[in-house]
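Residue numbers (UniProt numbering), protein chains in the order written: chain A, 1 to 309; chain B, 1 to 309.
Quick reminder that beta carbons are idealized off the backbone N, C-alpha and C, glycines included.
What you are looking at is a predicted structure, and each value in this text was computed from that prediction instead of being measured.
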């Protein structure tokens, strides 16, 4: 039996978030519909944040509303950062809510103008509201492996934070390599320690390919026992401070690698490639995904075929 | 003690080979000099092939001559495909000679207009000449993991070929994922089987990042016990049939990953990044390397720093 890996598609949230031009609501809805047709079962669809801070997500309600007829086996996660966001997410019919904070004081302050301790207090408060509605919660821990102000972290840095969250009843955690600094041995060691200490935790990895280590870090996660990965169609969603660098790990590239290795993702790679190519046209720039350029390893040429010189 | 990994720099051979415009001899020489200053100890410098087939390598003698004062601890490998090439390589003072053939009949015929069996006969003949001069030989096995005409190979496909080569006295083999089709489990399994069956073999991996699996395949090789990898500055050297796809695994990106994990490469990453950026200017196009765009994981920002919005 093939081992199952669950991918969470983040293209319309983490992917689109830093796109400078507003992407029309209709396109977002249409893309998500076709991602679902390509086999995507989990998505971080949008974020319920103030449109002043993230104008790209100003249509969060409209996107959710346009997809209210989604299949029952598809899970929509949405990001909320405060009470208003949680209320909006609940009203919009989210299936799960994602909260987030950073390990790094500096990074956390820059993102939320709160200390880590204040962010945790806030999350503790928000958890109660989501629990009242019986909405499952995932907590994303940004800069879990390091941050560009403080450097690379040992597992000991993130583990006490997971301990606090699990004490509050959280059973799904997303360790995020927000700025693509983590290396494979670090990912493996951290995930092994986390899964050993919290055996009942649902552990997700949110990896970026900023420094070319994304796929290697997926392998490291798999070796540690992680089976849930966030990724973005075409690999979009970089850092504002690394122009030209790769973004999130690329959905179709990672699915291609996993399927070659015998893992089951339930995704249709050809459909994903079609969507990635279309997105490249839509955003009018070369996107990081490789499979859409090179084809799958299983795409064979006839004997008569000659490469262009 | 940090575990040693030896990188062989192939930018001026596999990297430049498919560049359409001729790169001046002076630039090639200057780049190799500065790669050596950056810590590079092994290079595949050039190939002694007919200039009609590979015009970019028409200055093979001139490049070697311009670097005849190289340090003693630096090894220059050069590629030769026939007797004339071997004589030219010897006359030019090569330190080691690389021969090559493909596992794939189709790929081998397209590259050399010979069957695999004819190529092996040819290599067996060439080995004698190199041995007379006591010049160490490496044999590169192209499409070791699969080819775009025949698909992905099991280890059983390449092992009998290694057996024949070792019977002929070859003790250094380069397994090449020429078209970037290999996946990490395959690389690990193949290398484990090869190293088990041929424990005295010096095994090199020549990996491409065509489908985004390059760094993951390096990890797989390391886990199998491989400590020698070919790579190209800035990740250049793609396939003519995958335009826009990544080329060879990128020297500075892989060195960055290895050093983060505690391996010793003896390379100066900052110098490599400087050279990669310069090469990007020289070739007037965006090159695949990520570290030159994103910076190293250890490059820290001050607290005052704000990302561009």
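In the three-state reduction of the DSSP assignment, residue 256/A falls in the helix class, which pools H, G and I.
For residue 37/A, there is no enclosing beta strand (DSSP E); the residue is found in the alpha helix (DSSP H) stretching over 25 to 37. A check of alpha carbon separations from residue 297/B across 88/A, 167/A, 145/A and 205/A identifies 145/A as the nearest.
Every unbroken stretch of the alpha helix (DSSP H) spanning 4 or more residues and falling wholly within the region 254 to 291 of chain A is given here in chain order: 269 to 283. Taking a 10 Å sphere around the C-beta of residue 133/B, we find fewer than 16 other C-beta atoms and assign the residue as exposed.
Within chain B, not a single residue places a beta-carbon under 9 angstroms from that of residue 93/A; the smallest gap is close to 31 angstroms. Here residue 210/A is not near residue 233/A, since their CB atoms are 8 angstroms or more apart.
With a threshold of 8 angstroms between beta carbons, residue 59/B makes no contact with chain A.
Per the coordinates, the alpha-carbon of residue 239/A lies some 17 angstroms from the alpha-carbon of residue 205/A. In this structure, residue 60/B sits near residue 48/B, with a CB-CB distance shorter than 8 angstroms. The beta carbon of residue 149/A sits closer than 8 angstroms to some beta carbon of chain B.
Annotated three-state conformation of residue 217/B is helix, per DSSP.
Taking 8 angstroms as the CB threshold, residue 260/A lines the interface with chain B. Within 10 angstroms of the beta-carbon of residue 38/B lie 16 or more other beta-carbons, which makes it buried. When the five nearest sequence neighbours on each side are left out, the beta carbons in the same chain lying within less than 6 angstroms of the beta carbon of residue 139/B are those of 99, 165, 170 and 173, in order along the chain.
For residue 191/A, the nearest beta carbon of chain B is not closer than 8 angstroms to its own beta carbon. Boundaries for residue 125/B: no beta strand (DSSP E) harbours it, while the alpha helix (DSSP H) harbouring it runs 116 to 132, taken from the DSSP string. By the CB criterion at 8 angstroms, residue 194/B and residue 152/B fall outside the cutoff.
In summary, residue 253/A is buried, with 16 or more beta-carbon neighbours lying within 10 Å of its beta-carbon over all protein chains present. Within chain A, the residues 151 and 152 have their CB atoms less than 8 angstroms from the CB of residue 298/B, given in chain order. Secondary structure of residue 76/B (DSSP, three-state): strand. Proximity of chain B to residue 7/A at the Cβ level (cut-off 7 angstroms) is not reached, the minimal Cβ distance being about 15 angstroms.
For residue 111/B, the enclosing alpha helix (DSSP H) starts and ends at 105 to 112.
When beta bridges are read from the DSSP output, residue 202/B appears opposite 172/B. Taking all protein chains in view, the Cβ of residue 65/B is surrounded by fewer than 16 other Cβ atoms within 10 Å, so the residue is classified as exposed. In the DSSP annotation of this structure, the continuous segment of the beta strand (DSSP E) that includes residue 228/B starts and ends at 228 to 231.
Distance from the Cα of residue 168/B is smallest, within the candidate group 189/B, 131/B and 148/B, for 131/B. Contacts with chain A at 8 angstroms (Cβ-Cβ) do not include residue 206/B.
For residue 237/A, no alpha helix (DSSP H) segment is defined, and its DSSP state is neither H nor E. Between residue 228/A and residue 203/A, the C-beta gap is smaller than 8 angstroms, which places the two residues in contact. For residue 88/A, not one C-beta of chain B is nearer than 8 angstroms to its own C-beta. When C-beta atoms of the region 173 to 192 of chain B are compared with those of the region 255 to 271 of chain A, three or more pairs fall below 8 angstroms, so the two segments count as touching. Against residue 253/B, the close residues of chain A are 211, 212 and 213, in the order they occur along the chain (beta-carbon pairs closer than 9 angstroms). Taking a Cβ-Cβ threshold of 8 angstroms, none of the residues of chain A is close to residue 248/B; the smallest such distance is about 13 angstroms. Residue-level contact by beta carbon holds for residue 286/A and chain B, with a gap shorter than 8 angstroms. By alpha-carbon distance to residue 280/B, the top candidate from 271/B, 112/B, 292/B and 141/B is 292/B.
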